[in-house]
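Here the sequence shown is numbered in the UniProt record's numbering, starting from 1 and rising by one per residue.
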Amino acid sequence: MSFAIFLIISVILAAMQTAVPFLVKRSVVFGVTIPEPYIQALPLRAYKKRYAVLVSIISLLLLGFFSAWVLSSHPGEEKIVLAGVFIEFSIILISMSFYFYFHGKTVQLKKAQKWIDDLKQVRVTDLSIRSQDEMLPWYIYLLPILLTIGMIGYTALKFEILPEQIPTHWGVNGKADAFTGKTLFSAVSLMFMLLFLQLMFLGIHIGTKNSGIKLSATATDASRIRQLTLRKYSSWFLFIICILLTMMMSFFQLTTIHPAIFSGSIMLSAPLAFLVIVLAGTIVFAVKVGRTDKQNFGKADSKITDLDEDSYWKGGLIYFNRNDPSIFVEKRFGVGWTLNFANPLGYVIVIVPLIIILLIAFWQ
């Protein structure tokens, strides 16, 4: 079971990492802003193809070795898990290594060709675009939050019937494999971790909803469609993950209070269903957003270009701009959002809840 799960995750991870250069917004290549007339330049197309070929070949070799090792030596569950995690991190490390290599090549090419020297840099604003935004309202997150608060209260009421050993971790088969002594804190700790996760999701949703909508001066229609699509589907995807996490962790909490409430098959299928839905949703989200601005929306003005913000992107990955009030901005390598690390509110939204969750986990 562990082998199948890690193999599926690794295959999807490898496919996503391979496809990233073709899913990012059209005016960005390996984290570098490219003027519209040069987006299809032969060297840039060659960089993308070489990256995709190298990442896919090495990933396939790693997955082949992993599969052959498991099928030939029949290692234990723990060794398979460790090897699976190693494979996943290796794929990420390899893809990022090639990203930085081609990022450097793209920076050098842009500088050598002087692509922006003779172009006027323009920033475009559309005051009506907010009225077209279809992101979910923030208060929809109150539903899972109230459910979690209700589960905390229900657990406190049923404290007397709880087992003396409270589960703190569940394996891929849905069965508890780590325990701690029964206290009021340990009984509700899982629900408190869920609550802080939900608050983090709510903060991310509000942060992305209030972030600026950046349009391209040379491909305004394409960038408008991409931004609206990204905002709409990222809000839905984040909320779906929040709901799924709430259902799964509440499911585990109920099995602690009432051990016989669910059958063994349900215990096994619940985490697997969560994994399948999240992986499928990730693929649909990435493809849906990635394809939106790749169509031809007409001829661009060859005398202007977007405002070059490369100096605010460290390595094309980390955004640090004190002049931008946005908490989150669209990624330059990948599909989704990243923090504006110059805005301290981002740390409050993301880092603080994670620290609290870790403290709860260690104090059990």
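Built from N, CA and C at the ideal position, the CB exists for glycine as well.
Taking a contact to require three or more Cβ pairs closer than 8 Å, the stretch 204-219 and the stretch 123-138 qualify as touching. The three-state reading of DSSP puts Gln121 in strand, counting E and B together.
Nearest to Pro271 by C-alpha distance, out of Gln113, Leu245, His258, is Leu245. Assigned with DSSP and collapsed to three states, Val329 falls in strand. For Asp306, the three-state secondary structure derived from DSSP is strand. DSSP lists Phe179 as the beta-bridge partner residues of Pro167.
Within the same chain, and ignoring the five residues on either side of Lys331 in sequence, the residues whose Cβ sits closer than 6 Å to its Cβ are Thr338. Distance from the Cα of Thr229 is smallest, within the candidate group Lys314, Ile129, Gly150, Leu190, for Ile129.
Every beta strand (DSSP E) stretch that sits fully inside the stretch 96-158 and reaches 3 residues is listed by chain position as 120-122. Put simply, the backbone Cα of Pro167 is about 9 Å away from that of Gln253.
A Cβ-Cβ distance of about 10 Å is found for the pair Leu317 and Phe341, leaving them out of contact under the 8 Å criterion. Per DSSP, the continuous alpha helix (DSSP H) segment holding Leu254 begins and ends at 220-257. Here the stretch 52-66 makes contact with the stretch 81-95; the two share three or more CB pairs at distances below 8 Å. A distance below 8 Å between beta-carbons, with the five flanking residues on each side excluded, links Ile12 to the following residues of its chain, in chain order: Leu279, Thr282, Ile283. Boundaries of the alpha helix (DSSP H) around Thr18: 2-19. Counting only residues of its own chain and dropping the five nearest sequence neighbours on each side, Ile206 has a CB closer than 6 Å to the CB of Trp138. Ala361 and Ser189 have their C-alpha atoms spaced approximately 8 Å apart. The beta carbon of Met248 is closer than 8 Å to those of Ala270, Pro271, Phe274 in its chain, skipping five residues each way along the sequence. The beta carbons of Ile349 and Ile327 sit closer together than 8 Å. Cα atoms of Ile58 and Ile145: separation of roughly 43 Å, rounded to the nearest angstrom.
Looking at the DSSP output, Asn323 sits in no beta bridge, so it has no partner there. Within a 10 Å sphere around the beta-carbon of Trp363 sit fewer than 16 other beta-carbons, which makes this residue exposed.
Per DSSP, Leu162 lies in no alpha helix (DSSP H) segment and is marked neither H nor E. DSSP lists Glu330 as the bridge partner or partners of Trp337.
Taking 8 Å as the cut-off, the Cβ atoms of Ile261 and Lys158 do not count as close. Shown here, Val24 sits in coil according to DSSP, grouped into three states, outside any helix or strand.
C-alpha of Ala286 to C-alpha of Ile140: approximately 23 Å in a straight line. In terms of CA proximity to Tyr47, Val28 leads the group Val28, Lys288, Phe237.
The C-alpha of Trp115 is placed about 12 Å away from the C-alpha of Val32.
Taking Trp313 as the centre and dropping the five residues before and after it, the same chain places the C-beta of Gly31, Tyr319, Arg332 closer than 7 Å to its C-beta, in chain order.
Cβ-Cβ distances below 7 Å link Phe3 to Val70, Ile80 in the same chain, with the five nearest sequence neighbours on each side left out; the list follows chain order.
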